[in-house]
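Novice: Would you mind keeping the following structure in view while I ask a few things?
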Amino acid sequence: MRKTVLDPQPGSYNIQNEWIEDEAFEWEDVHRHFSWYETGKVNMAYECVDRHVEDGKGDKIALTYFSDEERLTYTFSELQQEINQWANVLKRHGVKKGDFVFVFLPKHPQGYIAMFAAIKVGAIVGPLFEAFMEEAVKDRINDCEGQYLITNQTFMERVHQKEIPSLRYIFTTDEAKADNEIPIVKEAEQEEVTVDVEWVDLDDGLNIHYTSGSTGKPKGIIHAHRNMIQQYQTGRWVLDLKDDDVYWCTAHPGWVTGTVYGVFAPLLNGVTTVIHGGRFSAEAWYDVLETAQVSVWYSAPTAFRMLKAKGEDLQNRYDLSALRHILSVGEPLNPEVIYWGYESLGLRIHDTWWMTETGAQLIANLPTRPIKPGSMGRPIPGIEVAVLDEDGEKLPPYETGHLAIKHSWPSIMKEVWKNPEKYQSYFPYGEEWYIAGDLAYLDEDGYVFFQGRSDDMINSSGERIGPFEVESKLIEHPAVQEAGVIGKPDQVRGEIVKAFITLGDGYSFNDELQEEIRLFVKGKLAAHAAPREIEVLDELPKTQISGKVLRRELKKRESAAITS
Ligand code: PRX
Numbered sequence: 116m117r118k119t120v121l122d123p124q125p126g127s128y129n130i131q132n133e134w135i136e137d138e139a140f141e142w143e144d145v146h147r148h149f150s151w152y153e154t155g156k157v158n159m160a161y162e163c164v165d166r167h168v169e170d171g172k173g174d175k176i177a178l179t180y181f182s183d184e185e186r187l188t189y190t191f192s193e194l195q196q197e198i199n200q201w202a203n204v205l206k207r208h209g210v211k212k213g214d215f216v217f218v219f220l221p222k223h224p225q226g227y228i229a230m231f232a233a234i235k236v237g238a239i240v241g242p243l244f245e246a247f248m249e250e251a252v253k254d255r256i257n258d259c260e261g262q263y264l265i266t267n268q269t270f271m272e273r274v275h276q277k278e279i280p281s282l283r284y285i286f287t288t289d290e291a292k293a294d295n296e297i298p299i300v301k302e303a304e305q306e307e308v309t310v311d312v313e314w315v316d317l318d319d320g321l322n323i324h325y326t327s328g329s330t331g332k333p334k335g336i337i338h339a340h341r342n343m344i345q346q347y348q349t350g351r352w353v354l355d356l357k358d359d360d361v362y363w364c365t366a367h368p369g370w371v372t373g374t375v376y377g378v379f380a381p382l383l384n385g386v387t388t389v390i391h392g393g394r395f396s397a398e399a400w401y402d403v404l405e406t407a408q409v410s411v412w413y414s415a416p417t418a419f420r421m422l423k424a425k426g427e428d429l430q431n432r433y434d435l436s437a438l439r440h441i442l443s444v445g446e447p448l449n450p451e452v453i454y455w456g457y458e459s460l461g462l463r464i465h466d467t468w469w470m471t472e473t474g475a476q477l478i479a480n481l482p483t484r485p486i487k488p489g490s491m492g493r494p495i496p497g498i499e500v501a502v503l504d505e506d507g508e509k510l511p512p513y514e515t516g517h518l519a520i521k522h523s524w525p526s527i528m529k530e531v532w533k534n535p536e537k538y539q540s541y542f543p544y545g546e547e548w549y550i551a552g553d554l555a556y557l558d559e560d561g562y563v564f565f566q567g568r569s570d571d572m573i574n575s576s577g578e579r580i581g582p583f584e585v586e587s588k589l590i591e592h593p594a595v596q597e598a599g600v601i602g603k604p605d606q607v608r609g610e611i612v613k614a615f616i617t618l619g620d621g622y623s624f625n626d627e628l629q630e631e632i633r634l635f636v637k638g639k640l641a642a643h644a645a646p647r648e649i650e651v652l653d654e655l656p657k658t659q660i661s662g663k664v665l666r667r668e669l670k671k672r673e674s675a676a677i678t679s
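Below, the structure written as C-alpha cells:
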C-alpha cells in the first residue's frame, strides 16, 4: 500500500529561515535582508550580483553552463563585469529607465547578462522564449512599442523588422549586418567594467512577460523591482537554497519560471546556478544532474513523466547523489509521478503553484511539511488562500470553486500593459480577493487540490496557450474556414492542443493537409501552440446570439469520444 501522506525527510532539507513557522510573519520582516533597507538604493541587478561581490563572494561560481558543444562558468565578479560592460553599451546607445528591452536568445549565460544589463540601466526587460516564431515575436514587441532588442543573427531570421516599426536598435551577440544593428559583445569589450547603476523605486517596472488567456492576444504582465522581496524569500523557504547549493531550473527565461526561479531567486540567494543549453533529452538531463552535481532541481511534470517513461535502468547509470530537493510547477503533478520520484530517486517532489501574474510562488509543499500527493500544498507564510463560489462567498472544505488569493503580496503584477480593465478582471468580487482562473478545493488542513481552469486556457507541458491565438492563426490558412481549439487530456503533456475546423470550399482533408496546417501554425507562432490533432467537422457549435464558437461543446464532444 502506498502512503497517502509523505512525511518531511530530515537531512535532505535545510530550512534556514527564522520565520517559517512564525504566525506573526509579515513581508516587511524580509526587507531587512536587502541593501536598500539601509541605503534606499534599489535595483534587482545590484541585489542579484553586485552585493555578493561586495560581500566577498566575488570568486564564487554564479553561473555554470552546459551544452553539447560548450561548458562555461562565470564567477560573481566576472558576471558583474560583463553586465557592466553590456550596460555601458546599452547606455551609450540611448537605453534609459523605463524603456523596453526585449531579449531573444537561447538558454545561455549571455541571456542572463543581457537581462541584467537592461535592468541595471533601469529598463524593463522582456525575455522572449527561444522557440517563438515571427508573429509571436512581432506581436509582443509591437504591443509595447519596444525600441530595443538583444538577439543573435540566427534568431534574427524570426524578427521581421519591417513589421516592427518601433525598433530603434538591435544589439547582436555576434556580428552586425545593418545600420541599426550593434554588435554588443564586440562593443562591450571596449567598455569600462564599472557602471553607474540606475537606482529605481521598488514599484518601478522590472520585467514584462506576455501571457495567454482564453480570449484575445497575449497580454503584457509588468512586474516591479519589489518582486525581489518574495522571490528571495521563496528561494529560501520553497527552493530551500543554502550557500553551497548547485541549483538548476530547467525553464527558459522566456517563461516566467525561467526568469523568476531560473535567474532572480537563485542569484538573490547567491547560489550557483546551472544553465543547460539545448533541448530536452533524458540522457542530457541526467548528465547535467550528475556532472554539475545539482542539489536543488526545479522542473515540470511533463519532464518528470518523460524521465519516468525512460525507466530506472537509464537513471541508474548516473550518479545523482548530490540531489537533495526536487520541485515542480506549471501543471498538475500526478501522484504517480511523486511516487516515482520517491521510489526511484528517494526524494519527494515538491509541487508549487503560482502564475505569471503572481510574480512568485504562493502555494507550495515546503520541505518541512507533509506532502499529500495530489495536492499542490498549502499557502506559504504571508499568503491567505480561499475557495469562493460564483457569488464570491467562501466555500467549505472539499467544495470546488474559484481559487482566490487575499490581496495583496509583494510580487503581484504591477499592471497589465495598457489594459487596466484586464487588471481589474482579476478582482471580480472586489479588491479583497485575486481570482486566479483556476478551480480548486481545500481539505480540512488547508491543502489545495487543483481541479482545472475556469476558462478555456490550455496547459500543454506547463506552457500556457490561448485558444484564441491559435484559432486566429488557423483561419489564416486558406483551407480553414472556421476553427475552435481546446486542450485534450494527454498522458504525458497534461493536455495537447486539439483543433476542430471546417474546411473552405474545394478542400478535402487528408494527412498532408493536416500536416501543412499544423506546420503553418508552428511556423508562425511556436511549436508548442501548433495543434497536435486536427479534426474536421461540417459545422462548429456556436452561441445563438453572437455566433461565437462554443469551446465547451467541443470539449464535451472530445471527452465523449474518449470515454466511448
Ligand atoms: O492553471 C494554473 C497552472 O498554470 C497557470 C499559470 O500559468 P503561467 O502563468 O504560465 O505560469 C506557470 C508557472 C508559474 C495556473 O493558473 N499551474 C501552475 N502551477 C500549477 C498549475 N496547475 C496545477 N498545478 C500546479 N502546481
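Numbering (my numbering), first residue to last: 116 to 679. All C-beta atoms, glycine included, are put in the ideal place defined by N, C-alpha and C.
1) Can you find a heavy atom of the ligand PRX that lies under 7 Å from the Cβ of R647?
2) Below 7 Å, is the gap between the Cβ of T471 and the nearest heavy atom of the ligand PRX?
3) Going by alpha carbons, who is nearest to S526 out of V375, E278 and D174?
4) Quick test of your reading: E313 and V236, contact by CB under 8 Å. State the CB separation rounded to the nearest angstrom.
5) For V240 and P593, what's the separation of their Cα atoms in angstroms?
6) With C-beta atoms as the reference, is L554 less than 8 Å away from H517?
7) Would you kindly check if the distance between the Cβ of V164 and the Cβ of F181 is under 8 Å?
8) Please say whether P224 and P368 have beta carbons closer to each other than 8 Å?
9) For my contact list, T417 and L178 are in at a C-beta cut-off of 8 Å; report their separation, rounded to the angstrom.
10) Is the Cβ-Cβ distance between P656 and S329 less than 8 Å?
11) Kindly give me the distance between the Cβ atoms of Y513 and Y562, rounded to whole angstroms, as I take these residues to be in contact under 8 Å.
12) Taking the beta strand (DSSP E) that V403 belongs to, which residues open and close that run?
13) Whole angstroms is fine: what's the gap from A551's alpha carbon to R117's?
14) Could you check whether the Cβ of N574 sits closer than 7 Å to any heavy atom belonging to the ligand PRX?
15) Does the distance from the CB of T471 to the CB of T326 come in under 8 Å?
16) Mapping the DSSP letters down to three states, classify C259 as helix, strand or coil.
17) With S540 as the anchor, note down where its beta strand (DSSP E) starts and where it stops.
18) Can you tell me the Cβ-Cβ gap for I344 and V585, rounded? I've got them flagged as a contact below 8 Å.
19) Less than 8 Å separating the beta-carbons of Y128 and P535?
20) Could you spell out the range, first to last residue, of the beta strand (DSSP E) harbouring E650?
21) Just tell me which of E446, D319, G213 and E591 has its CA closest to the CA of N342.
22) Which one of Y263, V361, E272 and I323 has the shortest CA to CA distance from Y284?
23) Is there contact here, the region 607–614 with the region 566–580, by at least three beta-carbon pairs under 8 Å?
24) Give me the Cβ distance between T678 and V651, rounded to the nearest whole Å; I'm assuming they're in contact under 8 Å.
25) Helix, strand or coil, according to DSSP, for D466 in the structure here?
26) Could you check whether the Cβ of L448 sits closer than 7 Å to any heavy atom belonging to the ligand PRX?
27) In chain order, which alpha helix (DSSP H) runs of at least 4 residues are fully inside the region 405–460?
28) Could you check what DSSP says for K682 in three-state terms: helix, strand or coil?
29) According to DSSP, is Q659 part of a helix, a strand, or is it coil?
30) Can you tell me the Cβ-Cβ gap for F682 and G261, rounded? I've got them flagged as a contact below 8 Å.
31) For I336, count neighbouring C-beta atoms within 10 Å of its own C-beta (all shown protein chains included) and say buried if the count is 16 or more, exposed if not.
32) Is the region 295–302 touching the region 530–549 in the sense that three or more CB pairs, one from each, lie closer than 8 Å?
33) Go ahead and pull the three-state DSSP assignment for I601.
34) Cβ of D605 within 7 Å of any heavy atom in the ligand PRX?
35) What's the gap between the Cα of E505 and the Cα of Q346?
36) Considering only residues of the same chain and omitting the five flanking positions on each side of E654, which have a CB-CB separation below 8 Å?
Specialist: With the given structure in hand:
1) no
2) yes
3) V375
4) 5 Å
5) 37 Å
6) yes
7) no
8) no
9) The Cβ separation is near 25 Å, so there is no contact.
10) no
11) Contact flag wrong, Cβ pair sits at about 11 Å.
12) Here V403 belongs to no beta strand (DSSP E); instead the alpha helix (DSSP H) covers A397 to T406.
13) 32 Å
14) yes
15) yes
16) coil
17) Segment: none, S540 is in no beta strand (DSSP E) and carries neither H nor E.
18) About 36 Å separates the two Cβ atoms, so there is no contact after all.
19) no
20) E648 to V651
21) D319
22) Y263
23) yes
24) Contact flag wrong, Cβ pair sits at about 22 Å.
25) strand
26) yes
27) 416–425, 427–430 and 450–455
28) Past the boundaries of the shown model lies residue 682; the chain is included only from 116 to 679, so the question cannot be answered.
29) coil
30) For the chain, the structure presents residues 116 to 679; residue 682 sits outside this window and is missing.
31) buried
32) no
33) strand
34) no
35) 32 Å
36) T617
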